[in-house]
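This report concerns only the one structure given below.
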Amino acid sequence: MGRYLLRRLGFALLLVLTVSSASLLLTHLAPGDVTTEQALLLDPAALARRRAELGLDRPLAVQYLAWLSGAVRLDFGRSLLYARPVNTLIGERALNTAVLAIAALVLATVIGLPLGVYSGSGARSLGRAAVRVASILALSVPPLIGSLALVFLAARTGWLPVGGMTSSGGVDLTWSQWLADLARHLPIPALALALPLAATLERLQSQAIARAVREPFVTASRARGLGRAEAVVRHAWPVSLRPVLGLYGVMIGSLFSGSFVVEVVTSWPGLGRLMYDALKARDLYLVAGCAASGAFFLAAGTWFADALLAVADPRVRSQEAP
Amino acid sequence: MTRRAALFVLALAALSLAAPLMAPYDAGLGFRDFLHAPPMRPHFQGVGAPVVHPLVLADRLEQRFEADSTRNMPLPWLGRVAGQPVFLLGADNFGRDVLSRLLYGARTSVGLALFATLGAVVIGTFAGAWAGLRGGWVDDVIMRFADFVLILPVIYVVLVLRSVLPLVLPPATVFLLVAGIFVAVGWPFVAKGVRAIVAAERDREYVQAARSLGAGPGRILVHHLIPACSGHLVVQATLLLPGFILAEATLSFVGLGFPDPVASWGTMLAEAGNYNAVARFPWTLAPAVAIFAIVLATNLIASPDEDRS
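Residue numbers (my numbering), protein chains in the order written: chain A, 204 to 525; chain B, 80 to 388.
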């Protein structure tokens with residue numbers, strides 16, 4: 204178990220390093236740099252001074268090594284665009300993305316799993332057919348389409364505020380007011396992100412529980428006098444969780460891709476938007492920092508999902524131990 | 080499922096090729112007096128072809144139109160009235176016909192996705208087959224690389240690759256570049272399965288028989304092993320296609336795809352991204368409905384028949 208975790212940790216570090224270095228180098232190779240937009244305003248001498256100030260006139264290898272030596276100490280340098288430490292910027296934005304992603308994950312779980320248990324654990328009925336149809340429809344609403352549709356609904360009906368994380372006037376709100384404001388802005392992006400995930404979870408849970416209720420031990424528990432619902436929830440459901448938990452590891456990636464789109468459509472100030480802005484401005488260090496934190500979350504998410512699987516299912520633990 | 084999937088892909092290809100032929104107007108043609116004109120409803124009168132009532136600007140300030148129910152006009156395919164365009168799906172912010180743009184956009188968006196899918200399938204097949212057949216370090220290198228691409232969130236890779244390339248380019252170049260980027264992120268999905276199938280099949284009797292008859296590795300690959308993968312290839316193509324359509328929509332939505340005058344579903348949706356506009360002019364969401372329909376069709380094809388399990 205220990206060696207397995209260590210190998211996973213090494214892989215995660217490699218992933219973070221490769222992804223951030225690759226995006227730094229790619230951005231460096233791109234035409235133009237962060238001063239390109241100022242080139243029209245400044246005379247050549249001032250432009251050269253500005254580039255020297257930012258350290259952009261040094262050879263690529265020197266810039267990269269300077270960045271790398273900071274990065275291994277978890278100092279990702281200063282953003283050329285915002286003139287603030289990359290770490291601070293990412294800290295703020297990563298928190299916002301985490302709020303969105305966790306809300307979506309919780310929403311997907313709360314909607315998807317119970318409906319899946321319901322739709323998979325009994326004979327055909329109108330209710331089960333309805334869940335299945337709704338699930339296939341929700342599965343076909345990718346975050347881009349979902350967020351556009353929800354934004355349209357919200358703007359049309361005025362039920363919920365559209366855009367941003369808080370209302371723009373909310374500068375001197377108390378803590379509880381701020382939280383209430385956030386709670387009104389969160390549902391649209393979170394739901395847009397959660398819908399296809401909830402449907403995926405529902406479908407998988409439904410199939411898994413349908414297999415599990417046919418197991419002899421469920422029949423045995425029924426024979427001992429357990430009610431139908433109790434037999435399903437207490438005996439069949441835990442067994443059916445293994446493939447469902449396995450899905451969470453896969454979902455982290457789609458959560459990331461989806462959150463970029465949702466952040467752009469609903470103006471959610473998250474990591475995805477920051478990375479996009481940094482890419483457009485050729486802000487080398489911010490791009491690399493965003494990529495590093497994204498890769499970190501990706502690795503952490505998959506690691507967490509694996510650990511969850513190992514906790515839930517002893518078979519995995521014994522397999523992985525070399 | 081394989082048959083249905085193949086039919087679906089072919090139908091989409093036919094649609095994207097034929098779409099511009101069915102468009103009533105040119106995609107770039109703007110009617111300046113009809114900015115954001117609402118959709119015109121066809122009316123059925125007796126046995127003849129349906130007719131529409133022409134729109135009259137009721138309030139220029141609010142950009143509000145009213146249908147003049149005293150006059151009738153034929154559908155755009157059957158006849159034209161000068162100065163009176165027919166918008167069956169409304170008009171956009173430049174007074175361009177949304178239906179025509181949707182159809183021309185299908186050529187761009189679905190065409191791009193098909194092109195990229197074909198590329199990803201071809202490259203994925205050869206990379207996977209080569210890895211499976213050769214084994215050893217070739218296998219290791221190709222598959223490690225494929226695994227690495229697979230764990231990255233696709234849209235970020237596309238975003239980084241696209242944004243490090245020059246931003247302002249002619250549409251044909253954008254088409255090829257974006258297709259190339261999609262192939263680069265799409266081929267591992269194909270290669271992984273192909274490699275597994277080839278590695279399992281290469282020692283089967285029929286392959287040994289072919290080898291003992293003197294067939295070289297190229298012939299075995301093309302005539303024996305790749306046909307064994309055909310089911311997997313069709314399934315992967317069906318899954319990649321809607322993904323690529325969405326990726327194009329996302330790229331163009333954030334301004335990294337096609338430039339505006341080009342009709343693509345992404346550039347059309349970029350307009351619908353404006354909160355105020357979309358609430359008043361919901362018909363600008365038409366491409367979203369088209370994408371939803373394609374993804375839904377894919378899901379219906381790809382979902383296994385659970386009842387028989």
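For glycine and all other residues, C-beta sits at the position ideal for the given N, C-alpha and C. Keep in mind it's a predicted model, so treat the numbers as computed, not measured.
Under 8 Å between C-beta atoms of residue i and residue j
i             : j             : result
residue 193/A : residue 266/A : Residue coverage of chain A in this structure runs from 204 to 525, which leaves residue 193/A outside it and unanswerable.
residue 289/A : residue 281/A : yes
residue 151/B : residue 177/B : no
residue 211/B : residue 277/B : yes
residue 235/B : residue 342/B : no
residue 344/A : residue 408/A : no
residue 136/B : residue 112/B : yes
residue 225/B : residue 270/B : yes
residue 481/A : residue 284/A : yes
residue 362/B : residue 168/B : yes
residue 81/B  : residue 310/B : yes
residue 339/B : residue 346/B : yes
residue 263/B : residue 300/B : no
residue 128/B : residue 153/B : yes
Exposure of residue i, with buried meaning 16 or more beta-carbon neighbours within 10 Å
i             : result
residue 232/B : buried
residue 317/A : exposed
residue 305/A : exposed
residue 509/A : buried
residue 355/B : exposed
residue 395/A : buried
residue 386/B : The predicted model places residue 386/B with a pLDDT of 43, which falls under 50 and marks its position as unreliable; any figure quoted below should be read in that light. Exposed.
residue 239/A : exposed
residue 352/A : buried
residue 478/A : buried
residue 451/A : buried
residue 284/B : exposed
residue 378/A : exposed
residue 428/A : exposed
residue 329/A : exposed
residue 291/A : exposed
residue 302/B : exposed
residue 458/A : buried
residue 525/A : Note on residue 525/A: pLDDT 39, under 50, position unreliable in the model; the coordinate value appears next. By the 10 Å Cβ count, residue 525/A comes out exposed.
residue 213/A : exposed
residue 493/A : buried
residue 156/B : exposed
residue 388/B : Confidence is the limiting factor: at residue 388/B the pLDDT is only 37, short of 50, which leaves the residue's position unreliable, though a coordinate-based value still follows. Residue 388/B is exposed by the Cβ-count criterion.
residue 235/A : exposed
residue 315/B : buried
Extent of the continuous beta strand (DSSP E) run through residue i
i             : result
residue 77/B  : Past the boundaries of the shown model lies residue 77/B; chain B is included only from 80 to 388, so the question cannot be answered.
residue 105/B : Run containing residue 105/B: none; DSSP gives neither H nor E here.
residue 135/B : 134 to 138
Extent of the continuous alpha helix (DSSP H) run through residue i
i             : result
residue 366/B : 365 to 381
residue 355/B : 354 to 359
residue 123/B : Careful: residue 123/B lies outside any alpha helix (DSSP H) and carries neither H nor E.
residue 296/B : 296 to 299
residue 329/A : 329 to 342
residue 440/A : 440 to 468
residue 284/B : 284 to 291
residue 163/B : Per DSSP, residue 163/B belongs to no alpha helix (DSSP H) and is neither H nor E.
residue 252/B : 250 to 280
residue 212/B : 177 to 213
residue 329/B : 309 to 332
Quiz item: Quick one, which residues of the region 350 to 361 of chain B are near chain A if we go by CB-CB under 8 Å, in chain order?
Solution: Against chain A - using a Cβ distance shorter than 8 Å - the residues of the region 350 to 361 of chain B are 351, 352, 354, 355, 357, 358 and 361.
Quiz prompt | Within 8 Å of chain B by C-beta, residues of the region 343 to 370 of chain A in sequence order | solution = Those would be 343, 344, 345, 347, 348, 351, 352, 354, 355, 358, 359, 365 and 366, in chain order.
Practice problem: Below 9 Å between beta carbons is the criterion; list the residues of the region 242 to 254 of chain B that meet it against any residue of chain A, in chain order. | Solution: Of all residues in the region 242 to 254 of chain B, those with a C-beta nearer than 9 Å to a C-beta of chain A are 242, 243, 244, 245 and 246, reading in chain order.
Quiz item: Using a Cβ cut-off of 7 Å, which residues of the region 231 to 243 of chain A contact any Cβ in chain B, in chain order?
Solution: Taking 7 Å as the Cβ-Cβ cut-off against chain B, the residues of the region 231 to 243 of chain A that qualify are 232, 233 and 234.
Quiz item: What residues from the region 429 to 461 of chain A come within 7 Å of chain B, judged by C-beta to C-beta, listed N to C?
Solution: Cβ contacts with chain B: 456, 459 and 460.
Practice problem: Would you list, in chain order, the members of the region 260 to 280 of chain A that have their beta-carbon closer than 7 Å to a beta-carbon of chain B? | Solution: Here the close residues number zero.
Quiz item: Can you list the beta strand (DSSP E) stretches of 3 or more residues lying completely in the region 365 to 394 of chain A, in chain order?
Solution: For the region 365 to 394 of chain A, not a single whole beta strand (DSSP E) run of length 3 or above is found.
Quiz item: Going along the region 291 to 303 of chain A in order, which residues come within less than 7 Å of chain B, judged by CB to CB distance?
Solution: Result list empty, no residue passes.
Exercise. Can you give me, in chain order, the residues of the region 323 to 339 of chain A that have a beta carbon less than 9 Å from any beta carbon in chain B?
Key: Flagged, chain order: 323, 327, 335 and 339.
Quiz prompt | Residues of the region 143 to 167 of chain B whose Cβ lies closer than 9 Å to any Cβ of chain A, in chain order | solution = Hits within the stretch: zero.
Exercise. Below 8 Å between beta carbons is the criterion; list the residues of the region 171 to 182 of chain B that meet it against any residue of chain A, in chain order.
Key: So nothing in the stretch comes that close.
Practice problem: Run through the region 214 to 291 of chain A for me and flag every whole alpha helix (DSSP H) of 4 or more residues, listed as ranges in chain order. | Solution: Whole alpha helix (DSSP H) segments, 4+ residues: 247 to 257 and 263 to 274.
Quiz item: Just by C-beta distance, which residues in the region 324 to 353 of chain B are closer than 8 Å to chain A?
Solution: Residues passing the 8 Å Cβ filter: 325, 328, 329, 332, 333, 348, 351 and 352.
Practice problem: Pull out every residue of the region 212 to 227 of chain A whose Cβ sits closer than 9 Å to any Cβ of chain B, in chain order. | Solution: Within the region 212 to 227 of chain A, the residues whose Cβ lies closer than 9 Å to some Cβ of chain B are 218, 221, 222, 225 and 226, listed in chain order.
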